[in-house]
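Below is one structure, written out as C-alpha cells; the observations come after it.
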Amino acid sequence: MKFLHISDLHLGKRVNEFSMLKDQKYILEQILSIAGRERADGVIIAGDIYDKPVPPAEAVQVFDRFLTALAREGRKVYAVSGNHDSAERIAFGAALMREQGVYIAPVYDGNVEKITEHDAYGDICIYLLPFVKPATVRHVLTREQEEKAGAVQENEEVTGQETAALTYDDAVRFAVERMEVDAAKRNILVAHQFVTGAGRCESEEVSVGGLDNVDAGIFERFDYVALGHIHTPQHIGRETVRYCGTPLKYSFSEAGQEKSVTVLEVKEKGDIVLSTVPLQPLHDMRKIRGTYREVMAAGGRAAREADPMQEDYVEITLTDEQDILDGIQKLRTVYPNLMRLVYDNSRTRQNQTFTAAEEVERKSELELFAEFYELQNNSPMSREQEEFMRRLIETAREEQEGQP
Ligand SMILES: [Mn+2]
Numbered sequence: 001m002k003f004l005h006i007s008d009l010h011l012g013k014r015v016n017e018f019s020m021l022k023d024q025k026y027i028l029e030q031i032l033s034i035a036g037r038e039r040a041d042g043v044i045i046a047g048d049i050y051d052k053p054v055p056p057a058e059a060v061q062v063f064d065r066f067l068t069a070l071a072r073e074g075r076k077v078y079a080v081s082g083n084h085d086s087a088e089r090i091a092f093g094a095a096l097m098r099e100q101g102v103y104i105a106p107v108y109d110g111n112v113e114k115i116t117e118h119d120a121y122g123d124i125c126i127y128l129l130p131f132v133k134p135a136t137v138r139h140v141l142t143r144e145q146e147e148k149a150g151a152v153q154e155n156e157e158v159t160g161q162e163t164a165a166l167t168y169d170d171a172v173r174f175a176v177e178r179m180e181v182d183a184a185k186r187n188i189l190v191a192h193q194f195v196t197g198a199g200r201c202e203s204e205e206v207s208v209g210g211l212d213n214v215d216a217g218i219f220e221r222f223d224y225v226a227l228g229h230i231h232t233p234q235h236i237g238r239e240t241v242r243y244c245g246t247p248l249k250y251s252f253s254e255a256g257q258e259k260s261v262t263v264l265e266v267k268e269k270g271d272i273v274l275s276t277v278p279l280q281p282l283h284d285m286r287k288i289r290g291t292y293r294e295v296m297a298a299g300g301r302a303a304r305e306a307d308p309m310q311e312d313y314v315e316i317t318l319t320d321e322q323d324i325l326d327g328i329q330k331l332r333t334v335y336p337n338l339m340r341l342v343y344d345n346s347r348t349r350q351n352q353t354f355t356a357a358e359e360v361e362r363k364s365e366l367e368l369f370a371e372f373y374e375l376q377n378n379s380p381m382s383r384e385q386e387e388f389m390r391r392l393i394e395t396a397r398e399e400q401e402g403q404p
C-alpha cells in the first residue's frame with residue numbers, strides 16, 4: 001500500500017500578522033493532486049491540523065473540504081491531534097467518519113485506535129496516538145486505579161504507581177507499551193511528539209524547560225513511525241522514524257528549506273520505500289539583504305518584469321547606517337508582502353538583543369506617531385495627515401540638526 005505522510009498543517013495560522021489561509025488552501029489542493037498522481041491509498045496526518053484549539057471558521061472549512069475530497073476519491077485518512085489541536089474537537093464525528101474511511105484518533109483514554117488494512121502481503125496495522133503529555137497519562141492511571149480500588153474493595157492493595165513525576169518519555173512509553181503489536185505484521189505508528197535528537201526551528205512551540213523529548217528507542221517495534229511536531233523534514237536514527245515537516249514555511253528560520261510530502265510504499269515486512277515530493281507554495285518565504293537603494297532597485301525590476309517572486313513573503317535586512325524614514329511603507333510599494341524589516345548596521349550589531357523599548361527605538365518618528373494616532377482614533381491617518389506629519393517631523397529634525 002502507498003501512503004502520503006503530512007503533518008503540522010497549522011490551518012488558520014497567522015505568520016507575522018499575515019493570514020496563511022490562501023496559501024494553506026493552495027497547498028492542500030497540491031497535496032490532493034500529488035495523492036492522485038502517486039495513486040496513494042491513504043493520507044497520514046500526524047497532528048497540528050489547526051494552529052489553535054478553537055480554530056477560525058475558515059480554517060475548519062478548508063480542512064472539511066480536504067477531508068471530503070480525499071474520501072470522495074476513495075483515499076483513506078489517518079489523523080491524530082497535535083499539541084496545538086483540541087483532541088476533543090478534532091475527534092468530533094470520528095465514529096461517523098470512520099465509515100467513510102476517515103480515521104481520526106479519539107481522545108486518549110489509555111487505549112489507542114488501531115486500523116488494520118490488508119494488501120497482497122497481509123495486514124498493515126496503523127496505530128493512531130494523539131499528542132500525549134504526562135498529565136494525559138496521569139489522568140488515565142488515576143482513573144484506572146480508582147476503578148480497580150472500587151472493584152477489589154479492601155482485600156487487595158492497589159499498586160500505587162508513582163504518577164506525580166511522570167516525564168514525557170514515561171508518558172509516551174506507557175502509551176506505546178500498551179499497544180498490542182504483532183511483530184509478524186507490518187506496523188505503522190502515527191504520533192505527534194518531540195523525539196530526542198530532532199533539529200528544531202522557530203515556528204515550533206518550545207515547551208517550558210524543554211523536557212518534552214522522548215527517546216526514539218520507544219518506537220522499536222514499528223516498521224514506520226509517521227511523526228509530526230517538528231517542522232523541518234528529517235529522520236531520527238533510522239530512516240523510517242520520520243518527521244515529514246510542515247507543508248509551508250512558517251518562519252524565516254525555514255527560509256532555506258524545501259517543503260515536501262513524504263511518500264511511503266509499504267511492501268512486504270521490512271521493505272518500505274520512502275521518497276519525497278517537493279511542494280510549490282503560492283508565495284515563497286525568503287530573506288533579502290542589502291542597502292535600501294539596492295533592495296528597492298531589485299524590487300522595482302521584479303515589478304516591471306511582473307516576476308511572481310515579487311509577491312513572496314520577505315524579511316528585508318537593510319545595511320544602511322541611517323534608518324529609512326517610513327521604510328516599511330516605502331518597501332511595500334515593491335514588496336507588498338514584506339513581513340519584517342530589520343537593520344544590520346553598526347548600531348544594531350552593537351546591541352544584538354532588542355528589548356521592547358529598543359524595538360520602539362528602531363521605528364521612525366512617523367511610524368511611531370502613526371501607531372499612536374491609530375490607537376487614539378481607531379483608524380489610520382489620511383494621506384494628507386500623514387504628509388503633514390512627515391513635513392512637521394522633517395522640519396523639527398532640520399532645526400535640531402542645525403543647532404550646534
Ligand atoms: Mn506543529
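Letter 47 of the sequence shown, counting from 1, is numbered 47 in this note's numbering, and no numbers are missing. C-beta: ideal position from N, C-alpha, C; glycine also.
With DSSP as the reference, identify every bridge partner of Asn213, one or two as the case may be. In DSSP, Asn213 forms a bridge with Phe194.
Same chain only: Cβ atoms within 6 Å of Glu265, ignoring 5 sequence neighbours per side: Same-chain partners within the cutoff: Lys2, Val273.
Measuring from each Cβ to the nearest heavy atom of ligand 1, keep the ones under 5 Å and list them in chain order. Counting every residue whose Cβ lies closer than 5 Å to a heavy atom of ligand 1, we get Asp8, Asp48.
Can you tell me the Cα-Cα spacing of Pro380 and Ala370, whole angstroms? Their Cα atoms are separated by approximately 7 Å.
With DSSP run on the structure shown, which of helix, strand or coil describes Thr159? Any reading at Thr159 must be qualified, since the residue scores a pLDDT of 46, below 50, and its modelled position is unreliable; no value is offered.
Note down the Cα distance separating Asp284 from Gly150, rounded to an integer number of angstroms. Straight-line Cα distance between these residues: approximately 59 Å.
Where do the N-terminal and C-terminal ends of the beta strand (DSSP E) with Ser275 fall, by residue? Residues 272–278.
For Val208, name the three-state secondary structure that DSSP assigns. At Val208 the pLDDT is 48, less than 50, meaning the model places this residue with poor confidence and gives no usable figure here.
Out of curiosity, what's the CA-to-CA distance linking Lys133 and Asn377? Here the alpha carbon of Lys133 sits roughly 45 Å from the alpha carbon of Asn377.
Exposure of Pro408, with buried meaning 16 or more beta-carbon neighbours within 10 Å: The first residue shown for the chain is 1 and the last is 404, placing residue 408 beyond what the model contains.
Which residues in the same chain have their Cβ closer than 6 Å to the Cβ of Leu32, if we skip the five residues on either side of it in sequence? Apart from the 5 residues on each side of it in sequence, Leu32 sits with its Cβ closer than 6 Å to the Cβ of Ala69 in its chain, given in chain order.
Nearest-angstrom Cα separation, counted from Gln310 out to Pro336: Taking the straight line joining both Cα atoms gives about 8 Å.
Backbone secondary structure at Thr232 - three-state DSSP: Thr232 sits in coil when the DSSP states are folded into three classes, being neither helix nor strand.
Express the C-alpha separation of Ala198 and Val208 in angstroms, rounding to a whole number. In this prediction, Val208 has a pLDDT of 48, which is less than 50 and means its spatial position is unreliable; nothing more can be read from the coordinates.
Tell me where the alpha helix (DSSP H) around Ala46 begins and ends. Counted as a single uninterrupted DSSP element, the stretch harbouring Ala46 is not any alpha helix (DSSP H) but the beta strand (DSSP E) occupying residues 42–46.
Looking only at C-alpha atoms, which of Lys148, Cys201, Gly110, Gln145 sits nearest to Val172? Comparing Cα positions, the closest option is Gly110.
Of the residues Glu99, Arg75, Ile104, Arg72, the one placed nearest Ala87, counting alpha carbons only: Ranking Glu99, Arg75, Ile104, Arg72 by CA distance to the CA of Ala87 puts Ile104 first.
In the DSSP assignment, what are the bridge partners of Arg186? DSSP, once it has assigned bridges, lists Ile124 as partnering Arg186.
Three-state secondary structure assigned by DSSP to Met381: In the structure shown, Met381 sits in coil (DSSP, three-state: anything other than H, G, I, E or B).
Ala212 versus His84: straight-line alpha-carbon distance, rounded: Here residue 212 turns out to be Asp, not Ala, going by the sequence shown. If you take the alpha carbons of Asp212 and His84, they lie about 14 Å apart.
Helix, strand or coil for Glu146? Go by DSSP, reduced to three states. Three-state result, Glu146: helix.
Kindly indicate which three-state DSSP category Arg75 falls into: helix, strand or coil? Three-state DSSP puts Arg75 in coil, outside helix and strand.
Member of Ala306, Leu366, Glu386 whose CA lies at the smallest distance from the CA of Ile397: Looking at the sequence provided, one finds Arg at residue 397 rather than Ile. Among Ala306, Leu366, Glu386, the Cα nearest to that of Arg397 is on Leu366.
Output the distance between the C-alpha atoms of Tyr78 and Arg143, rounded to the nearest integer angstrom. Using only the alpha carbons, I get a separation of about 28 Å.
CB-CB under 6 Å to Lys185, same chain, minus the five flanking residues each way: which ones, in chain order? So the list reads Asp123, Cys125, once near-sequence residues are dropped.
My assumption, with CB atoms under 8 Å, is that Glu63 sits in contact with Leu11. Please give the rounded CB distance. Reading off the sequence, residue 63 comes out as Phe, not Glu. Rounded, the Cβ-Cβ distance is 6 Å, consistent with contact.
CA-CA distance, Tyr26 and Arg391? If I take the Cα positions, the gap works out to 44 Å.
Residue from Val195, Tyr292, Thr348 whose Cα sits closest to the Cα of Gly327: Of the residues Val195, Tyr292, Thr348, the one whose Cα lies closest to the Cα of Gly327 is Tyr292.
Mark Asp182 as exposed unless 16 or more other C-beta atoms lie within 10 angstroms of its C-beta, in which case mark it buried. Asp182 is exposed by the Cβ-count criterion.
Would you mind sorting His229 into buried or exposed? The rule is 16 or more other CB atoms within 10 Å of its CB. Looking at its Cβ environment, which holds 16 or more other Cβ atoms inside 10 Å, His229 is buried.
In the structure shown, what three-state DSSP assignment does Thr116 receive? DSSP places Thr116 in strand when its eight states are reduced to three.
Grab me the residues of Glu17's own chain with a C-beta within less than 6 Å of its C-beta, minus the 5 sequence neighbours each way, in chain order. If we look at Glu17 and ignore the five residues flanking it on each side, it has no Cβ neighbours.
Please state the DSSP three-state secondary structure of Ala255. DSSP places Ala255 in coil when its eight states are reduced to three.
CB contact flag (Val334, Ile316, <7 Å): No. Outside cutoff.
Could you tell me which whole beta strand (DSSP E) segments of length 3 or greater appear in the segment 301–341? If we require 3 residues or more, the beta strand (DSSP E) runs fully inside the segment 301–341 come out as 313–318.
Look at Val277 and Ile218 and say whether their C-beta atoms are less than 7 Å apart. Cβ atoms of Val277 and Ile218: not closer than 7 Å.
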